[in-house]
Amino acid sequence: MEPIKQVEGRAIPFGRKNVDTDVIVPSKWLKTITREGLGKGAFESLRQDPDNLFDCAEFKGSPILIAGDNFGCGSSREHAAWALLDLGITCVIAPSFSDIFSGNAFKNGILTVVLPQDQVDRLLEVAKTDPIAIDLETQTVTTPFQDRFTFEIDPFRKHCLLNGLDEVGLTLARDAAISTYEQKHRAELPWLAAGTGVAA
Amino acid sequence: MTSQPRTLYQKIWDAHTVETRDDGTALIFIDRHLVHEVTSPQAFEALRVAGRKVRRPDLTLAVPDHNLPTTARRTASGARVPIADLESAAQLEALEKNAPAFGIRYIGDADVEQGIVHVVGPEQGFSLPGATIVCGDSHTACHGGLGALAFGIGTSEVEHVLATQTLLLKQSKTMEVRVEGALAPSVSPKDLILHIIGVVGTAGGTGHVMEYRGKVFEEMSIEGRLTVCNMSIEAGARAGLIAPDEKTFAFLKGRPYAPKGADWDAAVAWWKSLATDPGATYDKSVTIQAADVQPTVTWGTSPEDVVAIGGVVPDPASFAEPSKQDAARASLEYMGLEPGQRMDEIEIQNVFIGSCTNSRIEDLRAAAAVLKGKTKAPNVRWGIVVPGSGLVKRQAEEEGLDKIFTAAGLEWREPGCSACLGMNPDKIPAGERCASTSNRNFVGRQGPGARTHLVSPAMAAAAAVTGRLTDVRKL
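Residue numbers (the working numbering), protein chains in the order written: chain A, 21 to 220; chain B, 590 to 1064.
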């Protein structure tokens, strides 16, 4: 995973509310068995419009997306995060995100920034003409017009994003703790620890 | 252990905590992992690349569902019918190879146990009360109907569970959804959950686990509870829960992976201890009057866009928030509807009875009860009934339900996700409407340009008979 410290550039002033993952990447694009190349399917229905924000010269390849409330609701498809990455988006700013999407984004090194609606509205305005900058270390979003908004982020997620850490590797290092739990689990709830009975 | 009163959620969380970090993030042990072909290939690939193995193949069950065509899968001579869509075929083949390669029990495409993951888990007794259950599919919330903490995960988390049998999680907030009173006759669990989503909104449950409480749920069948919990995610909640009770135990007893003998008694004793303690508190609470729930349909492109069948398409200007007004305008344009139009005058061309929300035996019985001795209206171009599993299919056929459907002019299919999500050949053509028992009415969900109206199985059957959205109570 690529470490992420600062994201700076033009931001796509999308602003739409309740953008579901079927909009981010329709189900016909879920048939891949790799993670690459999903940018082609990103926002496919919206990009039928020749004047869409994602393909216009001004915003094509922008690293930042600004959206409305409840971004990424609906299906758990991680393809939504992969599609955004493939479009070049590494930071999404919105008043709120669906739980599953924000987890998927984090696990792929996409920074999700939650800001109040009025600040998001201000950024949507600025983004039409000017770049914005996000600094993860200081947890701030700034504009060329002296706007400076701070955001909250889970300290563990921040640490992983700043250092590009792989969560599976981190957890595998906790093997002893997991084994201890498994022994207790087998002793206390043996029928639950049994599963399908195939050899473990 | 704390002696403070705890919620059902808290008890399951506590029983599965491997360790908790200072920042509150916990490593949570996962008891059951369901794997299907769409969200798993990249996870298995990542394991392979890193040289990692599946920690607990015995706690993992793989079954294909999303891509499978619902037409015959074997010829009369037993040969596999090739799948025309090569990408679908490749994804299915990947699961068929990955499962045995990693030592995981695999239910094959033509096995009688095959079906939609969320139908198969409870049916096999793989999903159990008090368990933590995950799957790379947001409708995993479904299994909460058994009193399990069940939620959807992304592919990186699928990989994490395969490799470590745990997930790193922060505790969710809790939300009580209390329903008072009793549902009127002919009002189904699907109508209730659509109504609840209308009240809570699609983001109302975000960050929360919902627990459904009240006599309605105690009296509800397990199939109905699975339907309700299934759609918790449409209200933004990652999981929904209903406390396990005698109905749950009766449903599970004797199922293939359910505990047996002395284990069964021990399991029941533990399950009985899980219900929320008197005096336990929730972070948020909403109360719904069951008497307010009518047979319910959706008019827009978000599951919160619900209205009673006797109602009309709302005027976008009637919504308080400007963003919701814009969304409603866009929805109505996509759906081809006008404000003020009566819902029960909307003509439909397609009927879909199936999906992880409504494809269990009780759902098929409800639809068949309406369709018995009737035929679909001439304007209904295509009607399809897709059982949730091979076992549901067999049961329905033993009860003669398939004959009722086919006599009514509907097609009787093989189990799978089918027309819920436009990944397999079952799609709704652009511009056409579908009365659908599935869970999402998103733009393009059932195929590009398809217009979805979410309904209960009985309401879908009623729509098939009249050719328009119809109050089943008037048939």
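Idealized CB from N, CA, C, for every residue including glycine. Given the structure is predicted, the values throughout are model-derived calculations rather than measurements.
#### Entry: Sufficient close CB pairs (3 or more, under 8 Å) joining the stretch 657-675 of chain B to the stretch 616-624 of chain B
Touching, no, given that fewer than three Cβ pairs across the two stretches are closer than 8 Å.
### Query
Quick one, which residues of the stretch 131-144 of chain A are near chain B if we go by CB-CB under 7 Å, in chain order?
Answer in chain order: no residues at all.
#### Entry: Three-state secondary structure (DSSP) of S978 of chain B
Strand, per DSSP.
### Query
Does DSSP put C180 of chain A in a helix, a strand or coil?
Taken through DSSP and simplified to helix, strand or coil, C180 of chain A comes out as helix.
### Task
Look up I993 of chain B in the DSSP assignment and say whether it is helix, strand or coil.
In the displayed model, I993 of chain B falls within a helix according to three-state DSSP.
### Query
If the cut is a Cβ gap below 8 Å, which residues of chain B does T191 of chain A touch?
Among the residues of chain B, those whose CB is under 8 Å from the CB of T191 of chain A are L616, H749, A752, T753, T755, L757, following chain order.
### Message
Can you check which of these residues, B:A919, B:V1061, B:G979, is closest to R36 of chain A by C-alpha distance?
### Response
Out of B:A919, B:V1061, B:G979, the CA that lies nearest to the CA of R36 of chain A is found in B:A919.
#### Entry: Contact list for P848 of chain B against chain A, beta-carbon separation under 9 Å
Those are P210, W211, L212, A214, listed as they occur along chain A.
### Query
If you compare alpha carbons, which of B:E988, B:N1013, B:A997 is closest to E1003 of chain B?
The shortest C-alpha separation from E1003 of chain B is found at B:N1013.
#### Entry: Beta-carbon contacts of V706 of chain B that lie in its chain and below 7 Å, excluding the five residues immediately before and after
Excluding sequence neighbours, V706 of chain B sits near L623, H625, V652, D654, C724, D726.
### Task
Using a threshold of 8 Å, state whether the C-beta atoms of S47 of chain A and L1043 of chain B are closer than that.
No. Outside cutoff.
#### Entry: G803 of chain B classed as buried or exposed, judged by whether at least 16 other C-beta atoms fall within 10 angstroms
G803 of chain B comes out buried.
### Message
Would the stretch 913-933 of chain B count as touching the stretch 895-903 of chain B if we require 3 or more Cβ pairs under 8 Å?
### Response
Output reads yes: the stretch 895-903 of chain B touches the stretch 913-933 of chain B.
#### Entry: Coil, strand or helix - A937 of chain B by DSSP
It should be pointed out that residue 937 of chain B corresponds to Ile in this sequence rather than to Ala. Reduced to three states, the DSSP call for I937 of chain B is coil.
### Query
Is it the case that the Cβ atoms of A831 of chain B and R814 of chain B are separated by a distance below 8 Å?
The question names Ala, but residue 831 of chain B is Ile in the sequence shown. Yes.
### Message
Against chain A, does N656 of chain B count as a neighbour if the rule is that its beta carbon must be under 8 Å from one of theirs?
### Response
True, the Cβ-Cβ gap to chain A drops below 8 Å.
### Query
Taking all protein chains shown into account, do 16 or more other C-beta atoms lie within 10 angstroms of the C-beta of N968 of chain B, making it buried, or fewer, making it exposed?
It counts as exposed.
### Message
Please report the distance separating the alpha-carbon of R206 of chain A from that of F79 of chain A.
### Response
The C-alpha of F79 of chain A is placed about 55 Å away from the C-alpha of R206 of chain A.
### Task
Taking I53 of chain A as the query, report the chain B residues whose CB atoms sit under 8 Å from its CB, ordered along the chain.
Within chain B, the residues near I53 of chain A are P630, Q631, E634, A679, Q680, A683.
### Query
Can you list, in chain order, the residues of the stretch 855-871 of chain B whose Cβ is nearer than 9 Å to any Cβ on chain A?
From the stretch 855-871 of chain B, only A855, A856, W859 have a Cβ closer than 9 Å to chain A.
### Bridge partners - S1025 of chain B, DSSP secondary structure assignment
Paired residues: B:F941, B:L1043.
### Query
On the premise that L616 of chain B lies in contact with N755 of chain B, defined as a C-beta separation below 8 Å, what is that separation, rounded to the nearest angstrom?
Here the sequence assigns Thr to residue 755 of chain B, which means Asn is not the residue at that position. The C-beta distance from T755 of chain B to L616 of chain B rounds to 5 Å, short enough to meet the 8 Å contact threshold.
#### Entry: chain A within 8 Å of D742 of chain B, Cβ atoms only
A small correction: the amino acid at residue 742 of chain B is Ile; Asp does not occupy that position in the sequence shown. For I742 of chain B, the nearest CB of chain A lies under 8 Å from its own CB, placing it at the interface with that chain.
### Query
Along the chain, where does the beta strand (DSSP E) that runs through F740 of chain B open and close?
Segment 738-741, the beta strand (DSSP E) holding F740 of chain B.
### Message
Beta carbons nearer than 8 Å to chain B: which residues of the stretch 68-98 of chain A have them?
### Response
Hits within the stretch, in order: G88, D89, N90, C93, G94, S95, S96, R97, E98.
### Query
Is A114 of chain A closer than 8 Å to A62 of chain A when the C-beta atoms are compared?
Not in contact: A62 of chain A and A114 of chain A (Cβ atoms no closer than 8 Å).
### Task
Under 7 Å Cβ to Cβ from P594 of chain B, same chain only, skipping five residues before and after it: list those, please.
Result list for P594 of chain B: D866, P867, G868, A869, in chain order.
#### Entry: Inter-residue spacing [alpha-carbon to alpha-carbon] between T1055 of chain B and E936 of chain B
Put simply, the backbone Cα of T1055 of chain B is about 9 Å away from that of E936 of chain B.
### Query
Under the rule that 16 or more other beta-carbon atoms within 10 Å means buried, what is T1026 of chain B, buried or exposed?
Looking at its Cβ environment, which holds 16 or more other Cβ atoms inside 10 Å, T1026 of chain B is buried.
### Task
Kindly say whether G61 of chain A, judged by its beta-carbon, lies nearer than 8 Å to any beta-carbon of chain B.
Proximity of G61 of chain A to chain B, defined by a Cβ-Cβ separation below 8 Å, is not satisfied.
### Query
Out of curiosity, what's the CA-to-CA distance linking G989 of chain B and L50 of chain A?
Distance between the alpha carbons of G989 of chain B and L50 of chain A: 36 Å.
### Query
Would R194 of chain A count as contacting chain B if we go by Cβ distances under 8 Å?
True, the Cβ-Cβ gap to chain B drops below 8 Å.
### Element boundaries [alpha helix (DSSP H), containing L781 of chain B]
L781 of chain B -> alpha helix (DSSP H) spans 778-789.
### Task
Pick helix, strand or coil for K963 of chain B, following the three-state DSSP scheme.
DSSP, reduced to helix, strand and coil, places K963 of chain B outside both helices and strands of the structure shown, so it counts as coil.
### Query
List, in order along the chain, the chain A residues whose C-beta lies closer than 8 Å to that of S727 of chain B?
Chain A residues near S727 of chain B: G94, S95, S96, I120.
### Message
Taking the alpha-carbon of T149 of chain A as reference, which of A:I44, A:V39, A:V27, A:A31 has the nearest alpha-carbon?
### Response
The candidate whose alpha carbon is nearest that of T149 of chain A is A:A31.
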